[in-house]
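Written out below as structure tokens is the structure these notes cover.
Numbering (UniProt numbering), first residue to last: 1 to 1038.
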């Protein structure tokens, strides 16, 4: 019995839990969420592991007297996890979840369950059975129905998670119709005889005698359409247009669009005397009209009475009726409708977009709660929840016509209270453990002081820390004739441009983005007609491209990787070179030479693309960027006062402006370019300055609703031009390398000049951190949101945090600072490589939450101490491999300091990671109604917590209580952080992911790094095994 509740068993259970969750994330990616939930997350054995762990925690609390005064924070920590597991169980088995769909001015009194049910209706009775078939592991399900003298079996006999519909000979009629919501969006619907379908604010019926605005039925062997309102028709093949008179029957014309002022639809096909069947698709097969369906059969004493296919995903029931022995019955497969104890009315739905963009910035449902004689109004939007009678309503989505809302519903008061109580106890206990005298962290701190008290001389002086503060074209002429003076280009860069996501930014920012994407650099080097090299700024480059596109079309401006560009070079029939001209991509007629091969490559899955094909797509993107600059499509400089969404347009779109503005928009930029041409010849730029002034004034007046402030413009221009991060990585790596060499020398020497050098290095590192903090703060100010919303910003924040923790721990061990500098500099270097986008972007509506600031700050902040522990473990093993035959006391002291600092860093990182993960749960619960959904990102965060929990508990198992084990597990545990922060983003499909489910090849350098770490691990193990026990004990004492 003792073995079942021992610390060793707890560690085994934690590892089993982490391993099963890791496998589940890949199962979900390959086979779907339902499979992962059925076989792991909601499996009996998975819940048994959590129950077993809870029992172990209770035994540990009793056996080790964790509620005694000196150990109380440890006891509370274990109690917190028990409460969280209990809360999860209550939520799992007793909570209710669903969706509420409401149109404007509509009142609803029920919600739709997330679960699906087999449902059966008789005249007086309603039967239902919860049913969720699992892809690839389907088995029949039967619901028994007893209705007076009749006994039925409603059997789910078939489940096709991926299928395509097919019509075979039969006795039914079907209508395929496409609803055209907008010019770019449409929805496909399949209707059977007797069914009706909502079309905008009207309805369309197929073979029905009931009154509808549109009706389609068969009259005298001809399919005809009747409309209550006038229509206009467009035949897609012939493009012939005609009018459709109302109140009369007219023959149906397939592939014809029927349009009225409010919308349109297209009759795709009508299938008469047919039967609908479904053919399954393979896992990797794709089809245009791919569906997920189940098949229900109704039987009586084993005899088939009727059968039908139903959508496996639709929420609204589509009842199929049949008659049997004079009685009428119905059956379906869908969600259930559950009554609410009150009513909800949607008064209005409002969607706010980013200026000039189709991207949603926020959306709000203005609802009224009606409870008997009592009623009140409430606004539901992202991160603002309606909480009434234990029901919580969250803004989830909206209808395409923006006249209806979709609210997610959650009823889990008890589970939430228990879980939040567990969170609260957890946060309190972790904070207490960092400061309680009897805690492990306090013990490590005292131990480190004892190590440093040995009289071997100081390694460095006392460090004073800084603390965190908060279209015109003219051909001909020499190239240099089109390069305007830098000061004029900078004035041009102060104009404001609206990007395609709706962000307002100085033209300088756009110029830098274009230059970096085209050339890979932040300036452009060109050769004059005399053979001299000149360097021009991005603003000068952007103007030159517009002044003379014909000249620059023949200049090498598009970068290509010569090692991977074989496909491009072969198609263009040119020799290998690092930079290509725009004209290299065009044939004699001006056709784009890469068009066909780019289309073929885009049809391939990412894993199927070779390195040459990937480079082809990158080159294609650069070509299109340059083309759009030449044509002016990037320069959305002109605010349109007619736009309801503060949309800015290009000069080519002048016809969309008011008449008095159209001529100005059409010509002002040309006047400015002409003024620059005159200024280049006469040195008088007054006309250009005047045109630029007019344009700037127009922007401020017509676009005043979204025009940034002067300080915001100046800040962004400064941030863009200085590019502090581009210089910091080199400085960090250089300084870190120098300090690491001096620290290693200090293990063998005690010279005073070494100590002074280390002190100077520490001061320089403080200055670097302050500059880094300023750079991050400036990005925050410009973006108007914290700088950790994407992969690039996350790397910046982690590298900043690692440097901070290196400084904080420098008095504990002098090795932490050079390691922090090196790791921080390396991450900065990686962040500025091609695979991450450094542009400042807009946020999704759900990210506008104070919980984002707290959750992401804490969880990403945890990566810094955990990353520091990784590099300390790595350096310790390298020093172990090259251990002197007779190490001096300074060598032993340095090793002892590092392992203590390593454990302290792991403890801090684990606490931050745990707090950040569960704060994310609170954010999720406050944003969309559930604090845990087994999304791969949050699952891997939990895996990281579990793995690092094992790391800190291994010392309690005598067999693993040694330095080598601690080095190895600390170093390899960091792989879970890498997977959480990057692997999930690109390899697993989920809410936090950029992946699409197609496998992406793992970069080759990853294999090299893993192999190197394996080699270091093996050699460290070999060196450790050769050490006598006395020396092993010197490295690590509990």
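Positions of the beta carbon are idealized from the N, C-alpha and C atoms, including for glycine.
Quiz item: To the nearest angstrom, how far is it from the Cα of residue 622 to the Cα of residue 555?
Solution: Computed Cα separation, rounded: 14 Å.
Quiz item: Is it a yes or a no for the region 274-288 touching the region 238-252, going by three-plus beta-carbon pairs under 8 Å?
Solution: Contact between the region 274-288 and the region 238-252 is absent, with fewer than three C-beta pairs closer than 8 Å.
Quiz item: Counting Cβ pairs closer than 8 Å, one from the region 80-99 and one from the region 400-420, do we hit at least three?
Solution: Judged by pairs of C-beta atoms under 8 Å, the region 80-99 touches the region 400-420, as three or more such pairs exist.
Exercise. Would you mind giving the Cβ-Cβ distance between residue 637 and residue 692, rounded to the nearest angstrom? I have them listed as a contact below 8 Å.
Key: Not quite, the Cβ-Cβ distance comes to about 11 Å (not below 8 Å), so this is no contact.
Quiz prompt | Member of 982, 575, 620, 727 whose CA lies at the smallest distance from the CA of residue 599 | solution = The residue from 982, 575, 620, 727 with its alpha-carbon nearest to that of residue 599 is 620.
Quiz item: What are the residues that DSSP puts in a beta bridge with residue 216?
Solution: According to DSSP, residue 216 bridges with 206, 225.
Quiz item: Is the beta carbon of residue 948 sitting closer than 7 Å to the one on residue 873?
Solution: Not a contact, by the Cβ cut-off of 7 Å.
Exercise. From the DSSP output, read off the bridge partner residues of residue 196.
Key: Note: residue 196 is bridge-paired with 205 in the DSSP secondary-structure output.
Quiz item: Would residue 570 be called buried (16 or more neighbouring beta carbons within 10 Å of its own) or exposed?
Solution: Residue burial annotation: residue 570 is exposed, with fewer than 16 other C-beta atoms found within 10 angstroms of its C-beta.
Quiz item: Is DSSP giving residue 571 helix, strand or coil here?
Solution: In the three-state scheme derived from DSSP, where H, G and I count as helix and E and B as strand, residue 571 is classed as helix.
Quiz item: Can the beta-carbon of residue 87 be found closer than 7 Å to that of residue 415?
Solution: Contact: yes.
Quiz prompt | Between the CA atoms of residue 1007 and residue 972 - distance to the nearest angstrom | solution = The straight-line gap separating the alpha-carbon atoms of residue 972 and residue 1007 is approximately 14 Å.
Practice problem: Pick helix, strand or coil for residue 675, following the three-state DSSP scheme. | Solution: In this structure, residue 675 counts as helix in the three-state DSSP scheme.
Quiz item: What's the call for residue 151, buried or exposed, on a 16-neighbour Cβ count within 10 Å?
Solution: Exposed: under 16 other Cβ atoms inside 10 Å.
Quiz prompt | One or two residues paired with residue 310 in a DSSP bridge | solution = Per DSSP, 294.
Quiz item: When the Cα atoms are used, what is the spatial distance from residue 298 to residue 327?
Solution: Straight-line Cα distance between these residues: approximately 14 Å.
Exercise. Please state whether DSSP places residue 87 in a helix, a strand or coil.
Key: Residue 87: helix per DSSP, three-state reduction.
Quiz prompt | C-beta atoms of residue 163 and residue 294 nearer than 7 Å | solution = Taking 7 Å as the cut-off, the Cβ atoms of residue 163 and residue 294 do not count as close.
Quiz prompt | Alpha carbon of residue 104 to alpha carbon of residue 927, nearest angstrom | solution = Put simply, the backbone Cα of residue 104 is about 23 Å away from that of residue 927.
Self-check item: residue 556 - partner residues in DSSP beta bridges
Solution: DSSP lists 581 as partners of residue 556.
Quiz prompt | Identity of the residue in 584, 662, 627, 102 nearest residue 639 by Cα | solution = For residue 639, the closest of 584, 662, 627, 102 by C-alpha to C-alpha distance is 662.
Quiz item: Starting from residue 818 and walking both ways along the alpha helix (DSSP H), at which residues does that stretch end?
Solution: Element bounds for residue 818: 816-831.
Quiz item: Excluding the five sequence neighbours on either side, which residues of its own chain have a C-beta within less than 6 Å of the C-beta of residue 676, listed in chain order?
Solution: 484, 688, listed in sequence order.
Quiz item: Measuring CA to CA, which of 797, 854, 891, 974 is closest to residue 921?
Solution: For residue 921, the nearest C-alpha among the options comes from 854.
Practice problem: Give the straight-line distance between the Cα atoms of residue 814 and residue 743, rounded to the nearest whole angstrom. | Solution: Cα atoms of residue 814 and residue 743: separation of roughly 7 Å, rounded to the nearest angstrom.
Practice problem: Would you mind giving the Cβ-Cβ distance between residue 1023 and residue 883, rounded to the nearest angstrom? I have them listed as a contact below 8 Å. | Solution: Their Cβ separation, rounded to whole angstroms, is 6 Å, which keeps residue 1023 and residue 883 in contact under 8 Å.
Quiz item: If you run the structure through DSSP and keep just helix, strand and coil, what is residue 10?
Solution: Collapsing the DSSP output to three states places residue 10 in a helix.
Practice problem: Report the three-state DSSP secondary structure of residue 932 (helix, strand or coil). | Solution: Residue 932 carries a coil assignment under DSSP once its states are collapsed to helix, strand and coil.
Quiz prompt | Extent of the continuous alpha helix (DSSP H) run through residue 420 | solution = Segment 413-435, the alpha helix (DSSP H) holding residue 420.
Quiz prompt | Cβ-Cβ distance between residue 448 and residue 900 below 7 Å | solution = Residue 900 sits close to residue 448, with the two beta carbons spaced by under 7 Å.
Practice problem: Using 6 Å as the cut-off, classify the Cβ of residue 949 as near or not near the heavy atoms of the ligand MG, replying yes or no. | Solution: Questions concerning the ligand MG fall outside what the structure shown contains, since it holds no ligand whatsoever.
Quiz item: Of the residues 153, 419, 345, which one's Cα is nearest the Cα of residue 302?
Solution: Of the candidates 153, 419, 345, the one whose C-alpha sits nearest the C-alpha of residue 302 is 153.
Quiz item: Per DSSP, which one or two residues make a beta bridge with residue 235?
Solution: Answer is 256.
Quiz item: So which of 553, 559, 617, 700 has the shortest CA-CA distance to residue 628?
Solution: Among 553, 559, 617, 700, the Cα nearest to that of residue 628 belongs to 553.
Quiz item: Closest to residue 353 by CA distance: which of 343, 347, 364, 345 is it?
Solution: Comparing Cα-Cα distances from residue 353 to each of 343, 347, 364, 345, the minimum goes to 364.
Quiz item: What are the uninterrupted segments assigned as beta strand (DSSP E) that are 3 or more residues long and contained completely in the region 775-820, given in chain order?
Solution: Runs found: none.
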